[in-house]
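Scroll down for the structure; my scribbles are underneath it.
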Amino acid sequence: MVDAARARKLADRIQQIVAEMLERRIKDPRLGFVTVTDTRITNDLRDATVYYTVYGSDGERAETAAALESAKGVIRSEVGRKTGVRHTPSITFVMDSLMENAAHIDDLLAKARARDAEVAKAAQGASPAGEANPYREPAADADLDEADPGSDGHDAAGDGEDGRSGRPSS
Numbered sequence: 001m002v003d004a005a006r007a008r009k010l011a012d013r014i015q016q017i018v019a020e021m022l023e024r025r026i027k028d029p030r031l032g033f034v035t036v037t038d039t040r041i042t043n044d045l046r047d048a049t050v051y052y053t054v055y056g057s058d059g060e061r062a063e064t065a066a067a068l069e070s071a072k073g074v075i076r077s078e079v080g081r082k083t084g085v086r087h088t089p090s091i092t093f094v095m096d097s098l099m100e101n102a103a104h105i106d107d108l109l110a111k112a113r114a115r116d117a118e119v120a121k122a123a124q125g126a127s128p129a130g131e132a133n134p135y136r137e138p139a140a141d142a143d144l145d146e147a148d149p150g151s152d153g154h155d156a157a158g159d160g161e162d163g164r165s166g167r168p169s170s
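The sequence shown: position 111 = 111 (the UniProt record's numbering), numbered continuously.
Pasting the structure below:
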């Protein structure tokens, strides 16, 4: 099998070659504003998949896909010439849905922000359902003396010692 680092380097090199060719050498008028986003290659270095995005409408995307398919042979021969590998990998172009996914995530985040703003607006005039402070607070010393007559600070035997250790209690 092939070293994974070698496959990654070859994929990166193929990405550079394809991007350069689309920018400088391929002069097809159907080719829109194309960005090569990623390239993946199989472990046996036989098949390379080039992911790309196109800025424009659905019609421009379809035309760009057709232009890339027609230029596939020229691009593959250039990849073989510049990489110097024994077997030039076959190239497949795949439309990357990165832009659509990013736009969808942005829409979801905008809806969530709007919902958060509505909740915050509704919560402005709200009051607690129970008491304002739901936690028990320690009662004052005077309240303790009235509630429990045996709680004058001395132990029950009245000898100043607690029954466990024989030492005076503090």
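Note that beta-carbon positions come from the ideal geometry of N, C-alpha and C, so glycine has one too.
In this text, all values refer to a predicted model and were calculated from it rather than measured experimentally.
Extent of the continuous alpha helix (DSSP H) run through residue i
i: Arg13; result: Ala4 to Arg24
i: Val85; result: No alpha helix (DSSP H) holds Val85; DSSP gives it neither H nor E.
i: Arg61; result: Asp58 to Ser70
Coarse secondary structure for residue i, derived from DSSP in three states
i: Arg40; result: strand
i: Asp96; result: coil
i: Asp28; result: coil
i: Ala126; result: coil
Cβ of residue i within 9 Å of any chain D Cβ
i: Gly73; result: Here chain D cannot be found, since the structure has a single protein chain.
Own chain, CB closer than 8 Å to residue i, minus 5 neighbours either side, in chain order
i: Ala66; result: Arg30
i: Ala126; result: none
Proximity of residue i and residue j at Cβ, strictly below 9 Å
i: Tyr51; j: Asp96; result: yes
i: Gly80; j: Thr92; result: no
i: Arg61; j: Gly84; result: no
i: Gly56; j: Thr64; result: yes
i: Thr42; j: Val18; result: no
Endpoints, beta strand (DSSP E) assigned at residue i
i: Ala48; result: Asp47 to Tyr55
Contact set for residue i: own chain, Cβ-Cβ below 6 Å, skip 5 residues either direction
i: Val94; result: Thr49 and Tyr51
Beta-carbon contacts of residue i that lie in its chain and below 7 Å, excluding the five residues immediately before and after
i: Leu98; result: Thr37 and Thr53
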